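Read the structure below first, then the notes.
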Ligand code: C2E
Ligand code: CA
Ligand code: CA
Ligand code: CA
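In full-length UniProt numbering, the protein residues as written are 597 to 876.
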């Protein structure tokens, strides 16, 4: 029994050591990836029925040794070890540049959404960063939408409010991501000049089969529309969910039903097809 206990402890230590090593490996590779710019930007279209209305830029990282590492894994690590500012800067610049390129090709003009970590709200660098991205790309501010999560309000709500106002003065759009997932931001929602909320996937999944969920989401839509906010549903995977959401007044649909995040060639095709639909 003593021996067994010993083994258990050893096993525990072993797995801990493995995950610790794995974590160090990711940290190390992430630093290299930032230095070498080993990222790719993917794009997920948002639609109303089947026409593209906007898109979200999502980061992809393929490490030579580790393979694809999910942003859900490496973004929190990047936030902890202080790499997130550089990573978000890269996404932001690439997203603006790419969207402007598509616009200059004469493709459909739609806003591009970029995820901005809450860490940026603890710095003074966010406003200059956004200005620089707009200047360098030449993209009009109204085509840039910043996705921030409710967690930005935890630290210093007043300072965050000031940054939000200054961002709005630049003419960019602001979206509350993962709405409903964190602590309630209903109060901030009433106070601050946001343009959009994105309802988290957990409230969307099976909405056509769950009347309580539907009731909750419908009431969020009504409040949001009363405040003239655009409402996006995340993680829409089947037609029944989409139909129910559109019927309840949802403005935009995002999810695997229409398309997962895709590379820039595939996204360009979506934009070109959307153009064809408009011309006909
Ligand atoms: P998010 O901003 O909530 O992005 C939506 C996530 O849901 C994406 O995961 C997307 O691929 C996934 N998704 C989209 N449609 C569906 C669906 O129908 N079903 C399911 N199950 N999932 C769907 P992804 O690309 O793995 O990104 C994970 C998170 O990483 C993002 O969540 C975002 O918080 C973060 N992230 C990604 N790129 C960046 C970035 O450039 N900067 C920052 N700060 N965060 C980023
Ligand atoms: Ca997002
Ligand atoms: Ca989200
Ligand atoms: Ca999410």
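Backbone N, C-alpha and C define an ideal beta-carbon position, used for all residues, glycine too. Note that the coordinates shown come from a computational prediction; the quantities given were computed from them, not determined experimentally.
Own chain partners of residue 868 with C-beta closer than 7 angstroms, once the 5 adjacent residues on each side are dropped: Only 703 meet the Cβ criterion.
Three-way DSSP call (helix, strand, coil) for residue 862 in this model: In the structure shown, residue 862 sits in a helix (DSSP, three-state: H, G or I).
Nearest-angstrom Cα separation, counted from residue 631 out to residue 577: There is no way to answer for residue 577, as the model of the chain reaches only from 597 to 876.
The segment 680-690 touching the segment 714-732, judged by at least three CB pairs closer than 8 angstroms: Segments in contact, yes.
From 773, 680, 644, residue whose alpha carbon lies closest to that of residue 749: Among 773, 680, 644, the Cα nearest to that of residue 749 is on 773.
Cβ contact check for the segment 738-756 and the segment 670-684: 3 or more pairs under 8 angstroms: Because the criterion of three Cβ pairs below 8 angstroms is not met, the segment 738-756 and the segment 670-684 do not touch.
Runs of beta strand (DSSP E) wholly within the segment 798-838 (minimum 3 residues, chain order): Whole beta strand (DSSP E) segments, 3+ residues: 826-829.
Simplified DSSP state of residue 774, which is helix, strand or coil: If DSSP states are grouped into helix, strand and coil, residue 774 belongs with the strands.
Exposure of residue 820, with buried meaning 16 or more beta-carbon neighbours within 10 Å: Flag for residue 820 reads buried.
C-beta contact flag for residue 662 and residue 621 at 8 angstroms: Cβ distance < 8 angstroms, so residue 662 and residue 621 count as in contact.
Assigned exposure category for residue 646 - 16 Cβ within 10 Å defines buried: Taking every protein chain shown into account, the CB of residue 646 has fewer than 16 other CB atoms within 10 angstroms, so this residue is exposed.
Any non-hydrogen atom of ligand 6 closer than 7 angstroms to residue 794 Cβ: By its list of ligands, the structure shown excludes ligand 6, since it contains just ligand 1, ligand 2, ligand 3 and ligand 4.
Inter-residue CB distance, residue 816 and residue 795 (contact presumed, cutoff 8 angstroms): Indeed they touch by this definition, with Cβ atoms about 6 angstroms apart.
Proximity of residue 617 and residue 850 at Cβ, strictly below 8 angstroms: Contact: no.
C-beta atoms of residue 805 and residue 777 nearer than 8 angstroms: In this structure, residue 805 lies away from residue 777, with their beta-carbon atoms at least 8 angstroms apart.
Run of the alpha helix (DSSP H) containing residue 636, from where it starts to where it stops: Premise fails: residue 636 lies in the beta strand (DSSP E), 635-644, not in any alpha helix (DSSP H).
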